[in-house]
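Q: The numbering used here applies: residue 1 is where the sequence shown begins, and numbers increase by one. Below is a structure I'd like to ask you about.
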Amino acid sequence: MVKDTTKICLFDVDGTLTEPRKVAKPETLEFIKQLREKVLIGIVGGSDLVKQQEQLGADCLEHFDFFFSENGLAAYKAGALIKKTSFKEHLGEAKLKTLINFILHYVADLDIPVKRGTFIEFRNGMLNVSPIGRNCSQEERDEFEKLDIANGWRKAFVATLQEKFADYNLTYSIGGQISFDVFPQGWDKTFCLRYLEPPYESGITEVHFFGDKTKPGGNDYEIYTSDKTVGHAVTCPEDTVAECKKLFF
Numbered sequence: 001m002v003k004d005t006t007k008i009c010l011f012d013v014d015g016t017l018t019e020p021r022k023v024a025k026p027e028t029l030e031f032i033k034q035l036r037e038k039v040l041i042g043i044v045g046g047s048d049l050v051k052q053q054e055q056l057g058a059d060c061l062e063h064f065d066f067f068f069s070e071n072g073l074a075a076y077k078a079g080a081l082i083k084k085t086s087f088k089e090h091l092g093e094a095k096l097k098t099l100i101n102f103i104l105h106y107v108a109d110l111d112i113p114v115k116r117g118t119f120i121e122f123r124n125g126m127l128n129v130s131p132i133g134r135n136c137s138q139e140e141r142d143e144f145e146k147l148d149i150a151n152g153w154r155k156a157f158v159a160t161l162q163e164k165f166a167d168y169n170l171t172y173s174i175g176g177q178i179s180f181d182v183f184p185q186g187w188d189k190t191f192c193l194r195y196l197e198p199p200y201e202s203g204i205t206e207v208h209f210f211g212d213k214t215k216p217g218g219n220d221y222e223i224y225t226s227d228k229t230v231g232h233a234v235t236c237p238e239d240t241v242a243e244c245k246k247l248f249f
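So, in structure tokens, the structure goes:
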């Protein structure tokens, strides 16, 4: 069978190809390898490349036609870097410091059962903010997620930032179990789509996106609802595999 290079499947990572922050199962990676024989495949996630390699393998760049870290702000094709885009340069040091100071004060005043470390992770294209801190254990992560759903801590945090920094033109996207992302408007996962169009690409006519956080406020919502994609809402890696089998096998 000849590979159809007019179609590409773009996958979120957490909750789509892996359980949140866990390593992809061998059977999932094997299926992705089989899918690549039929259509183009790619990754688009909010994490940086190092974290994606922890979940998908140190050699993961070799196993996907396109690879988009940090929503595509670090874009790779056939394992080679296409372009990097910087949040720091876009926002400016003065505004960035004001934003970070406010976030740290908010976290300090937030009354939640557990706090650990790394409340702000500075990435090339965004800030990742975690009220509990990214150094928490998996058990603490699971418990925070349950309590956050019940108490709306992340939603309230985001609402405060939206009001306080309205003139910064930022987007706030809740994803995963313990954090939310902060980035310039338009720098959501749809950012990566520019690299699947001219002048970068001319042969791709159909983009299928698979993600689990596809409701409003989730970090897959914008690309899932984009008129440039065919969106597929999934619930876990097994669901992703089943959906792909229905579509391409």
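All C-beta atoms in this analysis are idealised placements derived from N, C-alpha and C, irrespective of residue type, glycine included.
(1) From residue 200 to residue 48, what distance separates their C-alpha atoms?
(2) Closest by CA to residue 246, which one among 2, 11, 228, 35?
(3) Span of the beta strand (DSSP E) holding residue 200?
(4) Please work out which residues of its chain come closer than 7 Å, Cβ to Cβ, to residue 217, disregarding the five sequence neighbours upstream and downstream, and give them in chain order.
(5) Taking the alpha-carbon positions, what's the residue 111 to residue 144 distance?
(6) Whole alpha helix (DSSP H) runs in the stretch 124 to 184 with 4 or more residues, listed along the chain?
(7) Report the rounded CA-to-CA distance for residue 32 versus residue 229, giving the unit in angstroms.
(8) Quick one: what does DSSP say residue 44 is sitting in, helix, strand or coil?
(9) Do the CB positions of residue 205 and residue 6 come within less than 8 Å of each other?
(10) For residue 9, does the three-state DSSP call read helix, strand or coil?
(11) Need the endpoints of the beta strand (DSSP E) that residue 102 sits in, please.
(12) Would you mind sorting residue 237 into buried or exposed? The rule is 16 or more other CB atoms within 10 Å of its CB.
(13) Grouping DSSP H, G and I as helix and E and B as strand, with all else coil, what is residue 112?
(14) Spatial neighbours of residue 117 within its chain, please: C-beta separation below 7 Å, excluding the five flanking residues on both sides.
(15) I believe residue 158 touches residue 172 by the beta-carbon criterion, under 8 Å. Please report the beta-carbon distance rounded to the nearest angstrom.
(16) Using CA atoms only, rank isn't needed, just tell me which of 209, 241, 214 is closest to residue 176.
(17) Would you give the residue range spanned by the beta strand (DSSP E) that residue 76 belongs to?
(18) Is the distance from the Cβ of residue 222 to the Cβ of residue 181 below 8 Å?
(19) Suppose contacts are defined by Cβ-Cβ distances below 8 Å. Is residue 25 in contact with residue 3 by that definition?
(20) If we call anything under 8 Å between Cβ atoms a contact, is residue 10 one with residue 209?
(21) Secondary structure at residue 249, three-state DSSP: helix, strand or coil?
(22) By Cβ distance below 6 Å, which residues in the same chain neighbour residue 128 in space, the five residues on each side in sequence not counted?
(23) Find the nearest neighbour of residue 139 within the set 160, 16, 21, 17, judged by alpha-carbon distance.
(24) Leaving aside the five residues before and after residue 243 along the sequence, list all residues of the same chain whose C-beta is less than 8 Å from its C-beta, in chain order.
A: On the basis of the data shown:
(1) If I take the Cα positions, the gap works out to 22 Å.
(2) 35
(3) Note, residue 200: premise wrong, no beta strand (DSSP E); not H, not E.
(4) 174
(5) Spanning the two alpha carbons is a distance of roughly 12 Å.
(6) 138 to 151, 153 to 164
(7) 19 Å
(8) strand
(9) yes
(10) strand
(11) Premise fails: residue 102 lies in the alpha helix (DSSP H), 93 to 109, not in any beta strand (DSSP E).
(12) Counting of Cβ neighbours within 10 angstroms places residue 237 among the buried residues, the total reaching 16 or more.
(13) coil
(14) 133, 135
(15) 4 Å
(16) 214
(17) 74 to 77
(18) no
(19) no
(20) yes
(21) Three-state result, residue 249: coil.
(22) 121, 179, 181
(23) 21
(24) Correct list, in chain order: 210, 232, 234.
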